[in-house]
Structure formats: structure tokens, C-alpha cells
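In this note's numbering, the protein residues as written are 153 to 271.
Right, here's the structure in full:
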């Protein structure tokens, strides 16, 4: 099983500008499954993602987290802006890519792509 590299790297995953909701969230991967969990204060499983169809046995996924804020202008008042915090997870299994958003205590799939030869 793989996790985040480094002794305490998993605990630092969302520590910079993150909310309390994202702190302690990590992804563990094997050649069969990606498991997204929150380790602190108690263990909570957010999602279990299986290897996509068409990916050869033994392939290990690559993962990347991105925490960001997005500013959206209000349609009623252009000077008013709403700030949305977004935690994104990208998982690539060979040529299949999945991007998901962490929304409260749930991982919601944002998009899926299959990269073809020559792309």
C-alpha cells in the first residue's frame, strides 16, 4: 500500500490555508483501489475508488491533491464576490484520469477522461 511520502507529509496535506474539514485527509492507493480517508480526529472513509475497466492488472495510480480558492462574481451585484474553497483530487491509472472534488464529507467525481495515443 502506498501513502503520502514523508514521515508527517499526510498531516500537512491541507494544512496551508485549508479548513478544518480537509485537515488529515489522505489517499492510500494499491494496484486495485484508491481509498480517500480522513485520519483525524477519527477515521472516516470518504470514498473507495476501484481500478477502471481496461487498466492492466498491477498498474499503480498516480495521485495529486490541489487546494484552492475560487472567486465568483454575483450576477445581482457585480461588486459582491463569493469565495469558494475547493479541494481537488486527480487520479491517473495508465491513460484514464479522474478528477474529484472534496465537498464536505463526500468525494464527488468532477470529470473522467481517457487519453488516447498521440494526445
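Virtual Cβ for every residue (Gly too), placed ideally from N, Cα, C.
Selection from 182, 198, 200 that minimises the alpha carbon distance to residue 209: Among 182, 198, 200, the Cα nearest to that of residue 209 is on 182.
Residue 187: first and last residue of the uninterrupted beta strand (DSSP E) it sits in: Residue 187 -> beta strand (DSSP E) spans 185-190.
DSSP three-state assignment for residue 256, whether helix, strand or coil: Residue 256 carries a coil assignment under DSSP once its states are collapsed to helix, strand and coil.
Cα-Cα separation, residue 213 to residue 235: Straight-line Cα distance between these residues: approximately 32 Å.
8 Å Cβ cutoff met for residue 242 and residue 215: Yes, Cβ-Cβ distance for residue 242 and residue 215 is below 8 Å.
Beta carbon of residue 177 nearer than 8 Å to that of residue 250: Cβ atoms of residue 177 and residue 250: not closer than 8 Å.
Three-state secondary structure assigned by DSSP to residue 245: The three-state secondary structure of residue 245, taken from DSSP, is strand.
Other residues of its chain near residue 211: CB distance less than 8 Å, five sequence neighbours each side excluded: For residue 211, the CB contacts under 8 Å within the same chain, skipping 5 residues up- and downstream, are 183, 203, 245, 246 in chain order.
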